[in-house]
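**Q** One structure, as structure tokens, below. Some questions next.
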Amino acid sequence: MLSRRQALGLAALTLMWGVNWPVMKLSLQELSPLYFRALTMTGGALWLFAFYRQRGVRLAPRPGEWRSIATLALPNMLGWHTLAIFGVAALASGRAAILGFTMPVWTVLLGALFFGQRLTRRSTLAALLVAGAVALLLADELGAMAGRPVGVAVMLGAAISWAVGTLMMRRATLTLPMEALTVWMMGLTALALWALAATFEPWPQWQLSPRMWGLLAYGVFMNYGMAQIIWFSLARHLPPATSAMSVMMVPLVGTASATVIAGEWPRWTDGVAVVCVMAAIATVLLPAGAWRRALGR
Numbered sequence: 010m011l012s013r014r015q016a017l018g019l020a021a022l023t024l025m026w027g028v029n030w031p032v033m034k035l036s037l038q039e040l041s042p043l044y045f046r047a048l049t050m051t052g053g054a055l056w057l058f059a060f061y062r063q064r065g066v067r068l069a070p071r072p073g074e075w076r077s078i079a080t081l082a083l084p085n086m087l088g089w090h091t092l093a094i095f096g097v098a099a100l101a102s103g104r105a106a107i108l109g110f111t112m113p114v115w116t117v118l119l120g121a122l123f124f125g126q127r128l129t130r131r132s133t134l135a136a137l138l139v140a141g142a143v144a145l146l147l148a149d150e151l152g153a154m155a156g157r158p159v160g161v162a163v164m165l166g167a168a169i170s171w172a173v174g175t176l177m178m179r180r181a182t183l184t185l186p187m188e189a190l191t192v193w194m195m196g197l198t199a200l201a202l203w204a205l206a207a208t209f210e211p212w213p214q215w216q217l218s219p220r221m222w223g224l225l226a227y228g229v230f231m232n233y234g235m236a237q238i239i240w241f242s243l244a245r246h247l248p249p250a251t252s253a254m255s256v257m258m259v260p261l262v263g264t265a266s267a268t269v270i271a272g273e274w275p276r277w278t279d280g281v282a283v284v285c286v287m288a289a290i291a292t293v294l295l296p297a298g299a300w301r302r303a304l305g306r
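Numbers given in the numbering used here equal positions in the sequence shown, counted from 1, plus 9.
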């Protein structure tokens, strides 16, 4: 049973992660994608470093751990965050969130394909649900005059990159605390993003509106900062079914908040797709006992 504090933290976390999708969309009106990511990730890494150092977390990696940190950062941070921001630039933010959070299903499928994990009937059903959602959104993008079917592929690439990173994390043998690992992965990724931005994007003018500074502050202190702190404080104590419910709700919150924040009205295809993806996430993440309790058996 969740305590009141845990329940409030979980609700805040889901809201922060969901709202971040339309926040990213609005931010791209004044900053290019790579500079936006580089700026917010740098600020988030520095804030988390200061917070965890003050809390006494061991932040210094051992010499042999740097290679593992860099390897894990490639799919978990650089691949996911870079592809996701370009996906948001190409698609409605709610639609990007739906596709991005197909990650748990890709994790199961890739685990079965490359690591010998058993593919169950539940994971097969989840794959079919995700395939249906992707086909629906792709058909909608192809049918629209201003559709961006490439954006669908980019967001799926982001989700698959995150899934690969998740599988690698499960097999990593590091003594570094997860908080410190996240800080250093963010720091290395931020350096790579600054280099990519300087190579491929023009230098920003930095004449940003007050609203834009507020959006950047949200990205630094809420998405990369507070959300990470809440997640680490909850992850050790949450049962798997509760964590799954939080992940399930993020695409729904992202789609709903995009209407209020970014003025993006979802189409019926988005509604069907988000239901399919939520059902797929529940299928692969919720334990069998949770399904039996939900069905009253």
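C-beta: ideal position from N, C-alpha, C; glycine also.
Just to confirm the assignment, what range does the alpha helix (DSSP H) spanning Arg131 have?
**A** Where Arg131 is concerned, the enclosing alpha helix (DSSP H) stretches over Arg130 to Gly152.
**Q** For Thr51 versus Ala199, is the C-beta spacing smaller than 7 Å?
**A** Cβ atoms of Thr51 and Ala199: closer than 7 Å.
**Q** If contacts are defined as beta-carbon pairs under 8 Å, then Thr268 and Trp274 qualify, I think. What distance do you get, rounded to the angstrom?
**A** About 6 Å separates the two Cβ atoms, so the contact holds.
**Q** I need the boundaries of the alpha helix (DSSP H) containing Glu273, first residue and last residue.
**A** Segment: none, Glu273 is in no alpha helix (DSSP H) and carries neither H nor E.
**Q** Quick check: the Cα distance between Gly166 and Val139, rounded to an integer number of angstroms?
**A** Each residue's Cα considered, the two are about 14 Å apart.
**Q** With C-beta atoms as the reference, is Phe95 less than 7 Å away from Pro42?
**A** Yes.
**Q** Less than 8 Å between the CB atoms is what I'm expecting for Leu295 and Gln15, so what's the real figure, rounded?
**A** Wrong, their Cβ atoms sit about 18 Å apart, outside the cutoff.
**Q** Tell me which residue opens and which closes the alpha helix (DSSP H) that Ser36 is part of.
**A** Ser36 -> alpha helix (DSSP H) spans Arg13 to Ser36.
**Q** Excluding sequence positions up to five away, which residues of its chain have a Cβ less than 6 Å from the Cβ of Gly88?
**A** Answer for Gly88: Ser170, listed in chain order.
**Q** Rank Pro70, Ala206, Lys34 and Leu134 by C-alpha distance to the C-alpha of Met225 and give the top, closest one.
**A** According to the sequence provided, residue 225 is Leu. The question's Met does not apply to it. Checked all of Pro70, Ala206, Lys34 and Leu134; the closest Cα to Leu225 is Lys34.
**Q** Suppose you measure from the CA of Leu185 to the CA of Val173; what does that come to, to the nearest Å?
**A** Taking the straight line joining both Cα atoms gives about 20 Å.
**Q** Using only alpha-carbon positions, find the residue among Ala20, Gln126 and Leu40 that is nearest to Arg220.
**A** Minimum Cα distance to Arg220 is reached at Leu40.
**Q** Could you tell me the distance, in whole angstroms, from the CA atom of Ala3 to the CA atom of Ala105?
**A** Residue 3 lies beyond the residue range present for the chain, which begins at 10 and ends at 306; the question has no answer from this structure.
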